[in-house]
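S.K.:
Residue numbers (this note's numbering): 2 to 141.
#1: Along the chain, where does the beta strand (DSSP E) that runs through residue 125 open and close?
#2: Ends of the beta strand (DSSP E) at residue 75?
#3: Measure the Cβ-Cβ separation of residue 136 and residue 16 and say whether it is below 8 angstroms.
#4: Nearest-angstrom Cα distance between residue 139 and residue 65?
#5: Given a cut-off of 8 angstroms on the beta-carbon distance, is the pair residue 125 and residue 62 in contact?
#6: Tell me which residue opens and which closes the beta strand (DSSP E) that residue 94 is part of.
#7: Within the continuous alpha helix (DSSP H) that includes residue 44, where are the two ends?
#8: With a threshold of 8 angstroms, are at least 3 pairs of Cβ atoms found where one atom belongs to the segment 92–102 and the other to the segment 25–44?
#9: What are the start and end residues of the beta strand (DSSP E) that includes residue 130?
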């Protein structure tokens, strides 16, 4: 829920992570949201609840020109990644740099660096993770 709530905040909404998580799972707002595995579909549900157009959820990664288009239009991208060691996680791509075809992403995992950057090609598939699903055109 952290990535989705970060995107909701980008669009001017202000909710706790617990509120956004409960919305994403269609739960009562007056309860503690469990730390359950989510999909980008759950993120869409939370964004809709927050009054943000939920974008398009697709399997696979986005080509670099699509990343450029989205970020240039002030629309962050939420990605689902598959760790090489097993399991999945979400990131938020919030920037790019044409000089090296880089992407910039935020990672809410507690022990990870919050702000990260690498080439688009590395982000798509590397020895740590691979990009498996995308949520883009958020707010469009």
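Note that beta-carbon positions come from the ideal geometry of N, C-alpha and C, so glycine has one too.
M.R.: According to the structure data:
#1: Unbroken run through residue 125 is the alpha helix (DSSP H), 121–125; no beta strand (DSSP E).
#2: Unbroken run through residue 75: none, as it is neither H nor E.
#3: No. Outside cutoff.
#4: Answer to the nearest angstrom: the Cα atoms are 17 angstroms apart.
#5: Contact: yes.
#6: According to the DSSP assignment, residue 94 belongs to the beta strand (DSSP E) that extends over 89–98.
#7: 41–50 is the extent of the alpha helix (DSSP H) around residue 44.
#8: The answer is no - the segment 25–44 does not touch the segment 92–102, with fewer than three Cβ pairs under 8 angstroms.
#9: Per DSSP, residue 130 belongs to the beta strand (DSSP E) from 130–137.
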